[in-house]
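Worksheet: the structure to be examined is printed underneath.
Okay, here's the thing in structure tokens:
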């Protein structure tokens, strides 16, 4: 049986990408090998360790356990989409400041898993953060510093959202001629 | 790890999925979240010739309450089900159970229908399914049929799903409003799979006696089972620590304990007793 490649169109970190891929190609291989986005790591390759975690339509997903063809039409974010060297994402900033990593191998996956967690629960308790990390494995830190980093990131992100909401509310008032 | 070559197609409707299964001549395998199937394919333990992606069939993502039953679309993910207001209100046991499956990333992809159709003996959901008297809704070449969970899952990874058929939903019994429920598991620290999982629903009537009791156990053997001896011991009695201890001793009665690398049969039998006692104490005392 001749097997045809399938056309896949995805938006990766805000950019639309299209490719003909073999159906058996894993999403993580598409991101790393075809798009050169090697920030997404492969650890266990058996959907245990979470090093390959990315977000697909906002949800944290292990990209070693998804086919590229299954992602057709999806919005994907990898660690490269978080921030830039000059303007770090609050998650990156907090990992830096709180020493949320040692060797760094698991870090991209942990950060993306935590982006997914904060989308579900923007103000998690320490226990909820620890529970939310059950899908990632770090062999260096003992997790404590990661938890601190995520707590800080959640706080910064919540404050930014609040400011943003105030701005939106203010601009609506202006729009209605109340200010 | 890379699976062997296979072809890939996707279905927009249930009828199309059935047609694609027929056309595949036995080579086709349905894929939804793929969190049971893809790991097996990567290990090359299964080698379907064609994957039929059903994840875009939106009608299979709905939840509806019909009388005293909750019909959950096969494609609802574990994470969606754990947060769904109707499920949380009427079948909290289901929400509690699926919230304990795998991890957030897995729950974002894995589906209720896929979990049941895969029939993993170490899965969490079957404990809740036997307790909530689940019925599996199957659409096939000759139309729709409904199969009780006990006649659907008949062994480890073995179901009675007819050829060229698709699980479209699972119907769960809504327990009486005065009942409480719990899913308690002891999981293997590496895999997260239950070494034992106990699901229980219990209610106490106006006279102070237990008037509703269901106990289901998963993970200890080839198949999840209802601990009927435990239920019979408790029904009509006034809940007490001594009564629960006495009942929990019978927890392994209806099951066949497996013995493997992770746990011996004797240890599993003990876990049945301990976890049944803890689960029942948490909702009855």
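Chains as they are written, first to last, in UniProt numbering: chain A, 1 to 179; chain B, 1 to 285.
Every residue gets a Cβ at the ideal spot worked out from N, C-alpha and C, and that includes glycine.
For this session: Measuring alpha carbon to alpha carbon, tell me which of 86/A, 87/A, 104/A and 97/A ends up nearest residue 43/A.
Result: With distances taken between Cα atoms, residue 43/A lies closest to 104/A.
Exercise. How is residue 178/B classed by DSSP in three states: helix, strand or coil?
Worked result: The answer is coil: DSSP assigns residue 178/B none of H, G, I, E or B.
For this session: Mind the definition here: the segment 116-134 of chain B touches the segment 188-205 of chain B only if three or more C-beta pairs lie below 8 Å; say whether that holds.
Result: Short answer: they touch.
Exercise. Can you find a C-beta in chain B that's less than 8 Å from the C-beta of residue 78/A?
Worked result: Closer than 8 Å: no.
Problem set entry | Bounding residues of the beta strand (DSSP E) (the contiguous stretch that carries residue 143/B) | Bounds of the beta strand (DSSP E) holding residue 143/B are 143-148.
Problem set entry | Where the segment 100-132 of chain A meets chain B: residues whose CB sits under 8 Å from a CB there | Of all residues in the segment 100-132 of chain A, the ones placed with a Cβ closer than 8 Å to any Cβ belonging to chain B are 113, 116, 117, 120 and 132, in chain order.
For this session: Closer than 8 Å by C-beta to residue 142/B: which residues in its own chain qualify, once you throw out the five before and the five after it? Chain order, please.
Result: Taken in chain order, the list of residues that qualify is empty.
For this session: Name the two residues that bound the continuous beta strand (DSSP E) containing residue 172/B.
Result: Looking at the DSSP string, the run of the beta strand (DSSP E) that includes residue 172/B is 166-173.
Exercise. Which word fits residue 10/B, buried or exposed, when buried means at least 16 other C-beta atoms lie within 10 angstroms of its C-beta?
Worked result: The residue is buried, with at least 16 neighbouring Cβ atoms inside 10 Å.
For this session: Decide if residue 172/B is buried, meaning its Cβ has at least 16 other Cβ atoms within 10 Å, or exposed.
Result: Under this definition residue 172/B is a buried residue.
Problem set entry | CB contact below 8 Å: residue 146/A versus chain B | Answer no: the Cβ-Cβ gap between residue 146/A and chain B never drops below 8 Å.
For this session: Starting from residue 194/B, follow its DSSP beta bridges and name the residues at the other end.
Result: In the DSSP output, where bridge partners are listed per residue, residue 194/B has 187/B.
Problem set entry | Bridge partners - residue 10/B, DSSP secondary structure assignment | Bridge partners of residue 10/B: 53/B.
Problem set entry | Extent of the continuous alpha helix (DSSP H) to which residue 114/A belongs | Where residue 114/A is concerned, the enclosing alpha helix (DSSP H) stretches over 107-120.
Exercise. When you compare only the Cα positions, how much space is there between residue 121/B and residue 155/B?
Worked result: Roughly 8 Å separates the two Cα atoms.
Exercise. Three-state secondary structure (DSSP) at residue 262/B?
Worked result: In this structure, residue 262/B counts as coil in the three-state DSSP scheme.
Problem set entry | Sheet register partners of residue 60/A (DSSP bridge) | According to DSSP, residue 60/A shares a beta bridge with 55/A.
Exercise. What are the partner residues of residue 19/A, as DSSP defines its beta bridges?
Worked result: For residue 19/A, the pairing in a beta bridge is given by DSSP as 8/A.
Problem set entry | Under 7 Å from the C-beta of residue 62/A: neighbouring residues of chain B | Neighbours of residue 62/A on chain B, chain order: 105.
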